[in-house]
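*Asks:* The structure that follows is given in the form of C-alpha cells.
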Amino acid sequence: MLLVTFFKGPWFKGAFGEFFVNRMLSRLPGNEYTLLKNITLPTEDGTTQIDHVLVSEFGIFVVETKNMKGWIFGSTQQKQWTQKIYRHTSKFQNPLHQNYKHTKTLESVLNMSPEHIHSLIVFVGDSTFKTEMPPNVTYCRGGLDFIRSFTQRVLSRQDVMEAIALLEEIKLKPGLATALKHKKHVRDIVAGKAAEPACPRCGAGMLLRESKRGANAGEPFWGCSQFPKCRAVVKPTR
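Those letters in the sequence shown? Residues 0 to 237, per numbering that gives the first Met the number 0, in order.
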C-alpha cells in the first residue's frame, strides 16, 4: 500500500516526468545545448523553481513539465485548464501562466531581451489535448521539434557561457530548507489566486476594478483581464 501510494503520489509523478524530459533533452547535441535541471532562483517576493533551463546560441528555453493523463482542455488566456479522466474532472493552473514567471525571472536575472527566452510546456504521460494548443505546448517529441525550429544564432558563445555561470552562481543550494521555503511560497500564491474569480465567459483571470461613472461610481467590481476583447463583469461577494 505504501509503495502504491508513493508511485501514485505527486512527487513521484513530477520526478518521473522531469526524468523523462531530461532524457528527451539529452538527445540534443551537448556542444550546442547546456541543460540546467531543477533550479530554484530567488525573486523579489520569494523563490521560483524551474524544471529545465536549456541554454544555447539559439536562445534560452524554459521548459515546464506536466505528467498528466486523460483529456486536457485549455487556452492561452484561461486562468485554469481542465483535466478529465472518465467522469472525473479537475482544474489545474494554466502552465503557460506558470512558466511566464519563470521566463520573466530569467529576463531580469540575465538582463536578456525577452525574444531570446522561449517558454515551452511539455506534457508526458497518457494525456490527449482536446482543444487546439499553441506550438509551445506539446508532447515530448514535439518539444524537440519546437526547440530545433529556432535555427538562427542570437547569442554569442560568450553570452552562453556567462548565462550558465551566472545561473550556477545565484541558484539556491538544493536541500530541504530551499524546498520547504519554495513550497510555502507556492501555497501563498495559490491561496491568493483562489480568491480571484475566473471569467464566467472566457475562463481568463479577473481583475478587481472600480466603477468610474454612473450610479455605481466608486463601487468595486471584477472585470475580465481580457477587456476589451471580453467585457464580462462580476460583482464582488460581500
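Every residue gets a Cβ at the ideal spot worked out from N, C-alpha and C, and that includes glycine.
Between the beta-carbon of Val121 and the beta-carbon of Thr137, is there less than 8 Å?
*Replies:* Against the sequence shown, residue 121 aligns to sequence position 122. Against the sequence shown, residue 137 aligns to sequence position 138. A contact, by the Cβ cut-off of 8 Å.
*Asks:* With Leu171 and Pro28 assumed to form a contact (beta carbons below 8 Å), what rounded beta-carbon distance in angstroms separates them?
*Replies:* Position 172 of the sequence shown, counted from the start, is the residue given in the question as residue 171. Position 29 of the sequence shown, counted from the start, is the residue given in the question as residue 28. Not confirmed; about 29 Å, so no contact.
*Asks:* In this structure, what does DSSP give as the bridge partners for Met132?
*Replies:* Within the sequence shown, numbered from 1, the residue matching residue 132 stands at position 133. Answer is none; Met132 lacks a bridge partner.
*Asks:* Determine the closest residue to Val20 out of Val123, Pro219, Pro199, with distance taken between C-alpha atoms.
*Replies:* Along the sequence shown, one-based indexing puts residue 20 at 21. Measuring from the Cα of Val20, the nearest candidate turns out to be Val123.
*Asks:* As a quick exercise: from Gly213, Pro227, Glu209, pick the residue whose alpha carbon is nearest that of Pro219.
*Replies:* Looking up residue 219 in the sequence shown gives position 220. Nearest C-alpha to Pro219: Glu209.
*Asks:* Quick check on Asn21: does DSSP put it in helix, strand or coil?
*Replies:* Taking the sequence shown and counting its residues from 1, the one referred to as residue 21 is at position 22. Asn21 falls in the helix class under three-state DSSP.
*Asks:* Evaluate Ser89 with the Cβ neighbour count: other Cβ atoms within 10 Å of its Cβ, from every protein chain shown; 16 or more gives buried, anything less gives exposed.
*Replies:* Counted from its first residue, the sequence shown places residue 89 at position 90. With fewer than 16 other Cβ atoms within 10 Å, it is exposed.
*Asks:* At what residues does the alpha helix (DSSP H) containing Asp158 begin and finish?
*Replies:* Translated into positions along the sequence shown, residue 158 becomes position 159. Residues 156 to 169.
*Asks:* Output needed for Leu165: all residues of its chain with C-beta closer than 8 Å, excluding positions within five of it in sequence on either side, in chain order.
*Replies:* Your numbering for residue 165 matches position 166 in the sequence shown. Val108, Leu109.
*Asks:* Taking 8 Å as the CB-CB limit, is Phe57 close to chain C?
*Replies:* Any reference to chain C falls outside this structure, which holds one protein chain only.
*Asks:* State the Cα-Cα distance for the pair Ile59 and Ile116, rounded to the nearest angstrom.
*Replies:* Locating residue 59 in the sequence shown gives position 60, counting from the first residue. Locating residue 116 in the sequence shown gives position 117, counting from the first residue. Each residue's Cα considered, the two are about 5 Å apart.
*Asks:* On the CB-based measure, 16 or more other CB atoms within 10 Å of its CB, does Gln77 come out buried or exposed?
*Replies:* Taking the first residue of the sequence shown as position 1, residue 77 is located at position 78. It counts as buried.
*Asks:* Can you tell me whether Asn238 is helix, strand or coil according to DSSP?
*Replies:* Nothing about residue 238 can be reported from this structure: the residues present for the chain run from 0 to 237 only.
*Asks:* Sort out for me which residues DSSP pairs His51 with in a bridge.
*Replies:* The residue you call residue 51 lines up with position 52 of the sequence shown. Beta-bridge pairing links His51 to Lys36, Val62.
*Asks:* Return the chain-ordered list of same chain residues with a C-beta closer than 6 Å to the C-beta of Phe72, the five sequence neighbours on each side being excluded.
*Replies:* Working through the sequence shown from its first residue, we reach residue 72 at position 73. Same-chain partners within the cutoff: Thr81, Lys129, Thr130.
*Asks:* I'd like the list of long-range same chain contacts for Asp187, defined as Cβ closer than 7 Å, with 5 residues on each side in sequence excluded.
*Replies:* Along the sequence shown, one-based indexing puts residue 187 at 188. Annotation note: pLDDT 49 at Asp187 (below 50); position unreliable, coordinate value reported separately. Cβ neighbours of Asp187 beyond the five flanking positions: none.
*Asks:* For Ser118, which residues does DSSP report across the bridge?
*Replies:* On the sequence shown, position 119 is the one that residue 118 refers to. Paired residue(s): Val61.
*Asks:* Check this for me: beta carbons of Leu53 and Leu24, under 8 Å apart or not?
*Replies:* As a first step, residue 53 must be located in the sequence shown, where it is residue number 54. As a first step, residue 24 must be located in the sequence shown, where it is residue number 25. Yes. Within cutoff.
*Asks:* For the structure I just gave you, are there three or more beta carbon pairs, one from the stretch 223 to 233 and one from the stretch 197 to 209, closer than 8 Å?
*Replies:* Counting Cβ pairs under 8 Å, three or more are found: they touch.
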